[in-house]
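Colleague: Just passing along the structure, written as structure tokens.
Here is the structure:
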């Protein structure tokens with residue numbers, strides 16, 4: 001079961017990261033503008049942000065395995081649409097693929113339902129590890145594909161992977177016996193969906209629209225109105241789509257705030273490192289790396305995440321998730337100090353990449369553990385979904401601020417100057433320093449193993465633990 005869920009998290013992460021390095025190749029193949037191809041990322045981000053909390057809540061209501069299989073089927077349909085050589089089909093397919101955002105909260109909730117108490121933290125760490133590994137491998141795989149094959153192969157290769165994962169979930173993941181017989185809050189789903197779309201769209205387009213433009217102001221106002229209306233209805237309904245009262249608890253809002261700041265740093269590093277090393281040597285700082293070579297610079301990050309994933313569960317049981325998260329954030333501080341001030345040679349960049357992998361692997365595992373261990377079992381999917389959205393929002397903000405700083409420092413030839421990269425990497429440094437300073441607000445070490453509170457004793461070998 002854990003292997004199947006880990007494969008689901010890995011394929012989701014690969015799907016996220018494959019497209020970003022391939023955008024120039026997609027633009028050439030479809031004769032599209034940069035603004036058009038950028039929607040393959042923006043559209044995925046928007047729909048994923050909406051699907052993540054909703055899928056988690058639907059899993060709590062109707063059964064995690066059932067909803068996870070439906071999510072995977074939707075993703076397969078979107079992937080098949082992406083292979084059509086058309087900009088409209090590609091963007092539409094990526095929007096449909098965004099349903100994959102529901103994979104992670106559903107997988108976390110299944111682990112909590114089905115894994116023995118002493119192994120829950122290890123299972124969650126495994127899933128978080130696959131996210132980091134998939135991100136690094138995806139960048140490398142994208143380089144190989146765009147240099148040797150059509151971009152459509154990125155999607156053809158995803159189809160059998162998702163079909164295999166969907167079969168594995170149906171075959172080996174137990175059906176949750178704990179579901180809630182309540183009606184879905186479709187009004188809340190509509191309000192929060194429009195609000196999140198308006199918010200993320202404004203964040204991702206503010207650089208092209210302008211900070212004070214009518215579009216930016218209208219998008220911000222629309223997001224404020226719809227999210228405010230959702231908040232009002234959520235406080236009044238007995239069974240809201242997302243329990244706002246739960247989000248107001250300090251262990252939850254503090255963990256989500258730290259997740260937002262970790263996202264700012266994580267995405268800034270993940271996107272900027274390949275871009276930095278691809279800058280021409282004529283700039284005086286770039287390495288002139290090809291898309292494939294730039295992916296190699298993320299290999300230390302991939303191995304770092306994988307290494308941490310193997311031991312994160314045991315470290316969490318020994319030291320507690322809060323201490324582990326603080327340690328991971330400090331490692332990331334060291335990474336961004338290197339990238340901001342001491343990135344003159346390949347060795348420094350490789351070292352920073354490794355530190356980013358170790359720090360990110362620790363942070364993602366600890367954040368997931370903190371969320372899962374501080375909510376009730378019926379709240380797990382929704383809470384994990386909101387935590388992932390918080391990290392995605394942070395990533396969108398960090399990426400946009402970094403891109404704006406790079407663009408502001410562009411020289412007449414269109415190339416970026418070294419100072420622009422210094423400021424862009426400093427965005428990640430500020431984000432991770434803030435995340436570290438927020439550490440004391442996080443919930444402390446649990447008295448019992450993660451998720452073990454109120455669990456009955458094990459009745460027979462191999463049976464699932466349930467509340």
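In our numbering, the protein residues as written are 1 to 467. Where a beta carbon is used, it is the ideal one built from N, C-alpha and C, also for glycine.
#1: Do residue 273 and residue 400 count as a contact pair if the criterion is CB distance below 8 Å?
#2: Take the Cβ of residue 437 as the centre, count every other Cβ of all protein chains shown within 10 Å, and call the residue buried at 16 or more, exposed below.
#3: Could you tell me which of 156, 162, 10 and 46 sits nearest to residue 72, measuring between CA atoms?
#4: Locate the alpha helix (DSSP H) running through residue 261, then write down its first and last residues.
#5: Counting only the same chain and skipping the five closest in sequence on each side, list residues whose C-beta sits under 6 Å from that of residue 82.
#6: With burial defined as no fewer than 16 other Cβ atoms inside 10 Å of the residue's Cβ, what is the status of residue 265: buried or exposed?
#7: I'd like the span of the alpha helix (DSSP H) that includes residue 148, first residue to last.
#8: Please name the residue in 234, 307, 380 and 255 whose C-alpha comes closest to that of residue 441.
#9: Within 10 Å of its beta-carbon, does residue 376 have 16 or more other beta-carbons around it, so buried, or fewer, so exposed?
#10: How far does the alpha helix (DSSP H) with residue 88 in it extend, from its first residue to its last?
#11: Express the C-alpha separation of residue 10 and residue 149 in angstroms, rounding to a whole number.
#12: Measure how close the beta-carbons of residue 357 and residue 300 come, nearest whole angstrom, since I'm counting them as under 8 Å.
#13: Note down, in chain order, each residue of its chain lying with its Cβ closer than 6 Å to the Cβ of residue 30, except the 5 sequence neighbours on either side.
#14: Is the stretch 293 to 309 touching the stretch 102 to 117, taking contact as three or more C-beta pairs under 8 Å?
#15: Can you tell which of 305, 158, 237 and 200 has its C-alpha closest to the C-alpha of residue 19?
#16: Would you check if there are 3 or more beta carbon pairs closer than 8 Å linking the stretch 61 to 71 to the stretch 91 to 111?
#17: Can you tell me whether residue 39 is buried or exposed, with buried defined as 16 or more other CB within 10 angstroms of its CB?
#18: Using the three-state DSSP reduction, which class does residue 290 fall into: helix, strand or coil?
#19: Assign residue 224 to one of two classes, buried (16 or more other C-beta atoms within 10 Å of its C-beta) or exposed (fewer than that).
#20: Beta-carbon within less than 6 Å of residue 387's beta-carbon, same chain only, minus the 5 sequence neighbours each way: which residues are those?
#21: Taking the alpha carbon of residue 194 as the reference point, which residue from 342, 50 and 263 has its own alpha carbon closest?
Modeller: Checking against the coordinates, here is how it stands:
#1: no
#2: exposed
#3: 162
#4: 250 to 278
#5: 90, 93 and 155
#6: buried
#7: 120 to 148
#8: 255
#9: exposed
#10: 87 to 97
#11: 22 Å
#12: 6 Å
#13: 87
#14: no
#15: 158
#16: yes
#17: buried
#18: coil
#19: exposed
#20: 256, 259 and 371
#21: 50
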